[in-house]
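**Q**
Protein chains: 2
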Amino acid sequence: MRLVIARCQVDYVGRLTAHLPMAQRLLLVKADGSVSVHSDDRAYKPLNWMSPPCWLTEEEGRWTVQNKAGEKLVVTLAEILHDSKHELGPEPGLVKDGVEAHLQELLAEHVTTLGEGWSLVRREYPTAIGPVDLLCRNATGGTVAVEVKRRGEIDGVEQLTRYLELLNRDPLLAPVQGVFAAQQIKPQARVLAEDRGIRCVTLDYDALRGIESDEFRLF
Amino acid sequence: MRLVIARCQVDYVGRLTAHLPMAQRLLLVKADGSVSVHSDDRAYKPLNWMSPPCWLTEEEGRWTVQNKAGEKLVVTLAEILHDSKHELGPEPGLVKDGVEAHLQELLAEHVTTLGEGWSLVRREYPTAIGPVDLLCRNATGGTVAVEVKRRGEIDGVEQLTRYLELLNRDPLLAPVQGVFAAQQIKPQARVLAEDRGIRCVTLDYDALRGIESDEFRLF
DNA sequence: ATATAGATATCGTGT
DNA sequence: ACACGATGTCTATAT
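Respectively, the protein sequence lines represent chains A and B. Reading the first sequence from the start, the letters are residues 1 to 219 in UniProt numbering. Reading the second sequence from the start, the letters are residues 1 to 219 in UniProt numbering.
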């Protein structure tokens, strides 16, 4: 890894064109060949960059970084204030512990939060166009397809709509109702869902998890 | 901006939990308070980070970065190999050119490239499920909804379809035609659009910009 | 290999 | 401040 602090100007021509006027910045050259240009703000995102695979050519006062697609990043260097190299060795990698899958699992175990007397038919109910997250039966025995999302956006409503259309062609299941369940539902998604007769339910992850821990306490 | 090369271990607890085993990495502390942890690969993306506003507390062999929401990044330092500070001064900022906003703007000014005698009703025509990029009138006075994309994919066709369905419920506008305009249109998107009676138009950004400069030359 | 979906997305813009 | 769309989105998974 090479760290350079320099007064520089940067021009990118590729999927778009972009220009950075002369100023002091950090240039970060990684072992994978990538180059990124950082200012002293904007959190972790560089002002401009070139992703690997790409190749850096150094000339007097000018770096040219190019990739196979012909995209080009040109750094014009006016003054170099720092220049150092460091060998970092291998990276063991990040271990993540997510929340995503857990949400569907929790709701499957507590379908009564969607309605009194509801029961689960099955999780990941298979159809020709993909699995329905939850297939349920409501108190009156009617079938309900549930789409679970962490954040409910319009795409999720479209997905559920396709499932409902397909499921409602099956005379053994029809009529099938739809429920769109998410931790957050965007207003546009809500409008579209309700316009299509799909019920929207906002999930409270902590509350669902709370039910779990309550049960743990009880037994 | 502070640059530290160190053998360290990182633990994040926040919207998810994540762990980085002990290894040599770059720690980047910016003037905005943000902290990011970089390995020598993965292009410009850090392995882990904390976005501003947040606060760094330094103790012997341990950095704690916290934000208001209670998310926490803990860096355990085993060995410091480099530590330097740099004053970068103000950042003039990036100038971009060739993004979707420009395309929409250019097309709005030259709707006749879509058809002779066409005129613009308005840009960003508002509806309950979002704004229609361009609402136009064709030579015979019929209403046309135009969706502009840099890259035309299936989502864009779905989006336009929803607008058309909604607009066609308005007896003052109906019947409303659809045009899907993009620099590149993927084959699947084209098939779907044409199946739904939506016309596909490939936009030439340079040509549209050329019309602009031609006008400059003429007058 | 390509298509799909999620992201600690990030980043503007408009209300 | 919040909501929403675009992104040089990026990244990983499933087909």
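Glycine included, C-beta positions come from ideal geometry on N, C-alpha and C.
#1: With a threshold of 8 Å between beta-carbons, can A/W55 be considered close to chain B, or not?
#2: Determine the chain A residues that contact B/Q177 at a beta-carbon separation under 9 Å, and present them in chain order.
#3: Going by Cα to Cα distance, which pick from A/R190, A/L135, A/R151 is closest to A/L164?
#4: Using only the alpha-carbon positions, how far apart do A/L94 and B/C8 sit?
#5: Tell me the residue span of the beta strand (DSSP E) that contains B/D11.
#6: According to a CB-to-CB cut-off of less than 8 Å, which residues of the segment 34–62 of chain B neighbour chain A?
#7: Just checking: is the beta-carbon of A/T17 within a distance shorter than 8 Å of some beta-carbon in chain B?
#8: Applying the 10 Å Cβ sphere with the 16-neighbour rule, what's the burial state of B/E147?
#9: Mind checking the segment 179–199 of chain A against chain B and listing, in chain order, the residues whose C-beta falls within less than 7 Å of any C-beta there?
#10: Count the other CB atoms within 10 Å of the CB of A/P90; is the residue buried (16 or more) or exposed (fewer)?
#11: How would you call A/A145, buried or exposed, if buried means at least 16 neighbouring beta carbons within 10 angstroms?
#12: Counting only beta-carbon separations shorter than 8 Å, does A/P21 have a partner in chain B?
#13: Could you tell me how far apart the beta carbons of A/L28 and A/L3 are, in whole angstroms, since I believe they sit closer than 8 Å?
#14: Considering only heavy atoms of the ligand PLP, does any lie closer than 7 Å to the CB of B/M22?
#15: Closer than 8 Å, CB to CB, is B/E91 near chain A or not?
#16: Distance check for B/R122 and A/H19, CA to CA, integer angstroms please.
#17: In terms of residues, what are the limits of the beta strand (DSSP E) holding A/V157?
#18: So, is the C-beta of A/V96 closer than 8 Å to a C-beta in chain B?
#19: Within its chain, find whatever has a CB closer than 7 Å to the CB of A/L120; leave out the 5 residues flanking it on each side and keep chain order.
#20: Give the residues of chain B in contact with A/Q66, contact being defined as C-beta atoms less than 9 Å apart.
#21: Please tell me whether B/S84 and A/H82 are closer than 8 Å, where the distance is taken between their beta carbons.
#22: Roughly how many angstroms separate the alpha carbons of B/K149 and A/E158, rounded to a whole number?
#23: Check whether the Cβ atoms of B/G98 and B/T76 sit closer than 8 Å, and answer yes or no.
**A** Well, looking at it:
#1: No Cβ of chain B is located within less than 8 Å of the beta carbon of A/W55.
#2: Those within 9 Å of B/Q177 in chain A number zero; the least Cβ separation is about 22 Å.
#3: Looking from the CA of A/L164, the closest CA among A/R190, A/L135, A/R151 belongs to A/L135.
#4: So the alpha carbons of these two residues sit roughly 13 Å apart.
#5: Annotation for B/D11: the continuous beta strand (DSSP E) segment containing it runs 2–13.
#6: So the list reads S34, S36, H38, S39, D40, D41, R42, A43, Y44, K45, P46, L47, N48, W49, S51, P52, given in the order they occur along the chain.
#7: So yes, A/T17 belongs to the interface.
#8: With 16 or more Cβ atoms within 10 Å of its Cβ, B/E147 is classed as buried.
#9: The residues in question are Q188, V191, L192.
#10: Taking all protein chains in view, the Cβ of A/P90 is surrounded by fewer than 16 other Cβ atoms within 10 Å, so the residue is classified as exposed.
#11: Classification of A/A145: buried, given that the 10 Å Cβ count is 16 or more.
#12: Yes, A/P21 counts as interfacial toward chain B.
#13: At roughly 6 Å, the Cβ-Cβ gap stays under 8 Å, so A/L28 and A/L3 are in contact.
#14: Although the ligand PLP was asked about, the structure shown includes no ligands whatsoever.
#15: True, the Cβ-Cβ gap to chain A drops below 8 Å.
#16: Straight-line spacing of the CA atoms in A/H19 and B/R122 works out to 31 Å.
#17: Looking at the DSSP string, A/V157 is not in any beta strand (DSSP E); the run it does join, the alpha helix (DSSP H), is 154–167.
#18: Val is not the amino acid found at residue 96 of chain A; the sequence shown has Lys there. Yes, A/K96 counts as interfacial toward chain B.
#19: So the list reads A108, V111, L134, C136, once near-sequence residues are dropped.
#20: In chain order: nothing, as chain B lies at least about 15 Å away.
#21: Cβ atoms of B/S84 and A/H82: closer than 8 Å.
#22: Taking the straight line from one Cα to the other gives about 20 Å.
#23: Taking 8 Å as the Cβ cut-off, B/G98 and B/T76 do not qualify as a contacting pair.
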